[in-house]
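Contents: one structure, followed by commentary.
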Ligand code: AMP
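Numbering (our numbering), first residue to last: 202 to 684.
Structure representation (structure tokens):
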């Protein structure tokens, strides 16, 4: 197997990787690093969790270190655009961790905080700037930053950028970049409009991809519980009685819903923070820091807020609401079982969400096993269509065979349920566009399958409540950078 040494990375980088206990490059790193080191443009189809940040950060740091130059005033040598503040911070942190023996400068800028400090920090120029598009444009308009000296431009999470409506900002920024540059373009999906954007940015790019987008993460045991909408909160409280849920990310479809869930949890003695776009930067950072440090067991999030968040030791992802875009489901459950750990995803499904569930199963090509409702209630659990569902693909089976036991099985032979009829109207139109059923190609705004991850053969848990080996915060067996 390739190791980092054979990729030809500079010695201080190898030392930093060793300090992180990274032994082997992940598949995206193996594929991408040689192209980037050779100076080529690149399209990388990879989700968060695959090690894609290091796939671009390492060769960029290598280039900056082996071709040292003064940092251009009010500019940078490398620009990384990221859709969210959280992701931007994590990327900058990765550059710092991998580059810790290199004496290169890294800064991150995003909106929601004062611009003055950012302006001051950038006066002398930096080696690497990680930015969200809006704030970067503001800095440029204020003549606090220029893009004409940039050597390497990275567009990360391009699909998410488009989903979030950043396309015009990106086009404006790209016009200001020098013609001669290296461009690295990452996206979880390659829908047509993303491909079109890539065409305008890249020059004869190398293409690398990991893990088909329509497969769910292998080490995640998935379950669905049928429940009436107004009983979801009670169901959540019931589940939380189980201490095996050590650290859970709970997803709500709306910001208002996230607040309501967090408030009711707090009232019931389960302190939880909500993280979403209406929270101030300070609130978001605090919620995330408390969750990461293990001070809070629960984080309630919306899809956008959770995008790219990388927290070790999330034992459970609970979909309080099912997402109306199937890829969001894959992305959500990918927040557990990060980088080699195992995880459990439990989805609550009310009567009006059944069409969402069916879409998810169609997209992932995997039935989600039903778990009996621990409140002893059910929502339409009847026997009919289970037997004619396609068998769960072999690669999703537990190594060594064996189906589920106890609550819900991994091989889809658990409780049966009826055909889920009637597609709910509410909330679908703004996110759904023309689509095909496979792989989400030509999806209009449905990006986000962040399911892929470095593969490995560790056994996973079949039990919804067993931790099954998920890393606890204090068990850093993969030595990931301290994010
Ligand atoms: P990313 O997809 O960039 O968000 O990375 C997912 C996680 O994998 C991060 O926590 C990284 O620190 C970790 N990681 C990246 N590359 C490796 C590697 N080669 N070995 C072990 N962990 C890694």
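We put the beta carbon where it would ideally sit given N, CA and C, even for glycine. Computed from a predicted model, the values in this text were never measured in an experiment.
Report the rounded CA-to-CA distance for residue i versus residue j, giving the unit in angstroms.
i	j	result
residue 561	residue 451	18 Å
residue 289	residue 500	20 Å
residue 416	residue 395	Here the model assigns residue 416 a pLDDT of 49, short of 50, so the residue's position is not dependable and the matter cannot be decided.
residue 356	residue 389	12 Å
residue 206	residue 464	50 Å
residue 565	residue 446	25 Å
residue 265	residue 527	39 Å
residue 479	residue 456	7 Å
residue 385	residue 407	9 Å
residue 454	residue 233	34 Å
residue 530	residue 484	25 Å
residue 326	residue 295	19 Å
residue 554	residue 523	7 Å
residue 430	residue 547	15 Å
residue 237	residue 259	9 Å
residue 247	residue 282	16 Å
residue 474	residue 459	9 Å
residue 471	residue 493	17 Å
residue 261	residue 268	11 Å
residue 578	residue 544	25 Å
residue 428	residue 379	55 Å
residue 679	residue 217	Low confidence applies to residue 679: its pLDDT is 33, below 50, so where it sits in the model is not reliable, and the reading given next is rough at best. Residue 679 and residue 217: Cα-Cα distance of roughly 14 Å.
residue 362	residue 442	38 Å
residue 537	residue 519	10 Å
residue 220	residue 231	19 Å
residue 242	residue 572	46 Å
residue 512	residue 285	16 Å
residue 505	residue 461	18 Å
residue 557	residue 563	10 Å
residue 212	residue 469	53 Å
residue 308	residue 534	30 Å
residue 235	residue 403	17 Å
Is residue i close to the ligand AMP? I mean its beta-carbon at under 8 Å from any heavy atom of the ligand.
i	result
residue 437	no
residue 329	no
residue 250	yes
residue 291	yes
residue 227	yes
residue 493	no
residue 502	no
residue 208	no
residue 466	no
residue 531	no
residue 224	yes
residue 218	yes
residue 253	yes
residue 221	yes
residue 276	no
residue 233	no
residue 431	no
residue 230	yes
If you measure between the beta carbons of residue i and residue j, is that distance less than 9 Å?
i	j	result
residue 292	residue 254	yes
residue 323	residue 340	yes
residue 310	residue 348	no
residue 436	residue 426	yes
residue 423	residue 516	no
residue 498	residue 467	no
residue 256	residue 245	yes
residue 346	residue 383	no
residue 685	residue 359	Outside the modelled stretch of the chain, which goes from 202 to 684, sits residue 685, for which no answer is possible.
residue 381	residue 401	no
residue 377	residue 300	no
residue 313	residue 481	yes
residue 204	residue 228	no
residue 222	residue 272	no
Could you tell me which residues DSSP pairs with residue i in its beta bridges?
i	result
residue 421	544
residue 408	244
residue 308	330
residue 388	246
residue 479	Looking at the DSSP assignment, residue 479 forms no beta bridge with any residue, so it has no partner.
residue 354	280, 384
residue 474	500
residue 450	500, 518
residue 426	549
residue 571	425
Thinking residue i and residue j are a contact (beta carbons under 8 Å), I'd like their distance in whole angstroms, please.
i	j	result
residue 477	residue 503	4 Å
residue 439	residue 575	5 Å
residue 351	residue 278	7 Å
residue 549	residue 433	5 Å
residue 210	residue 263	5 Å
residue 370	residue 334	4 Å
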